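Following: one structure in structure tokens, then a few remarks.
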Amino acid sequence: MSNTGQISPLPPVTRHITGHNADGKAIVQSSTPGEWKSFEESQMAFNVVYTTSQFPADLNNDADLAAHDKVQKSGKLGLVNPKGTVCRIVDFAPSNQCVVHRTQSLDYGVVLEGQIEMVVEEGEPVRMKRGDIAVQRATMHGWRNPSETEWARMMFVLQDCQPLTVAGKPLKEELGIAAGVLNPSGNDQ
1449 MSNTGQISPL PPVTRHITGH NADGKAIVQS STPGEWKSFE ESQMAFNVVY TTSQFPADLN
1509 NDADLAAHDK VQKSGKLGLV NPKGTVCRIV DFAPSNQCVV HRTQSLDYGV VLEGQIEMVV
1569 EEGEPVRMKR GDIAVQRATM HGWRNPSETE WARMMFVLQD CQPLTVAGKP LKEELGIAAG
1629 VLNPSGNDQ
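Rendered as structure tokens:
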């Protein structure tokens, strides 16, 4: 999908990728509109901005660009890219269904538009406003847009992490009601 596939009324996004010319000078190598995929009966939409497949990323000879294209074309990207990162923008419809899940990753979630409630297993939801950041550390969590009329947008950067064990129990990816809808990440083996 292109921006025409965007389901929310929020402003479209454009990805600008920089690089270098033959003289080593910085250039804008490409500018492309966001590509959106909707979920939960159009209550949520994902735009994968970029992925890396190793850490640290290899920028030599545009290896990172080739790796990103390969991941995108595979159609198998889960929420997390094993041994790499995923930068994703997510739009949430008003009063969206909260999808509680766990990824085996360290995530930074930044509210770009509207407000979001971060739901965790214990305690009250935390209301986040534009500019607030969540550091999600492989916990069971969900995101809910509390507005009855306005869409919300977040940007997430997910980084693969070492397998997590709490109280002697290994914690695995759990997609909850999104299982079968989203691809498993496959990084919790």
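Numbering of the sequence shown is given in my numbering, commencing with residue 1449 and proceeding in unit increments. The beta-carbon is built from N, C-alpha and C at its ideal position, and this holds for glycine as well. None of the values given here were measured: they were computed from a predicted structure.
With a cutoff of 9 angstroms on beta-carbon distance, ASP1608 and PRO1530 are scored as near each other. Excluding the 5 residues flanking it on each side, THR1597 has same chain C-beta neighbours closer than 6 angstroms at PRO1542, in chain order. The C-beta distance from THR1533 to ALA1515 rounds to 11 angstroms, too long to meet the 8 angstroms contact threshold.
HIS1516 is bridged by DSSP to nothing; it lacks a bridge partner.
Taking a C-beta distance under 9 angstroms as the contact criterion, ARG1578 and VAL1559 qualify as a contact pair. The three-state reading of DSSP puts ASN1508 in helix, counting H, G and I together. VAL1538 is a Cβ neighbour of MET1602, given a cutoff of 9 angstroms.
Counting every other CB atom within 10 Å of its CB across the protein chains shown gives ARG1550 a total of 16 or more, marking it as buried.
Per DSSP, the beta-bridge partners of GLN1563 are LYS1577.
Residues of the same chain with a CB within less than 8 angstroms of the CB of GLN1552, apart from the 5 flanking positions on each side, are VAL1528, ALA1586, ASP1608, CYS1609, PRO1611, LEU1612, LEU1619, LYS1620, GLU1621, SER1633, ASN1635, ASP1636 in chain order.
Between ALA1493 and LYS1485, the alpha-carbon positions lie close to 5 angstroms from each other. Within its own chain, the residues whose Cβ lies closer than 7 angstroms to the Cβ of HIS1468, once the five positions on either side in sequence are excluded, are ALA1474, ILE1475, listed in chain order.
When secondary structure is reduced to three states using DSSP, ALA1541 falls in the coil class, being assigned neither helix nor strand. DSSP places ARG1463 in the uninterrupted beta strand (DSSP E) bounded by 1462-1468.
Cα atoms of VAL1461 and CYS1535: separation of roughly 13 angstroms, rounded to the nearest angstrom. Non-local beta-carbon contacts of ASN1593 in its own chain, meaning distances under 8 angstroms to residues more than five positions away in sequence, involve PHE1540, ALA1541, PRO1542, SER1543, ASN1544, GLY1562, GLN1563, ILE1564, GLU1565, TRP1599, ALA1600 in chain order.
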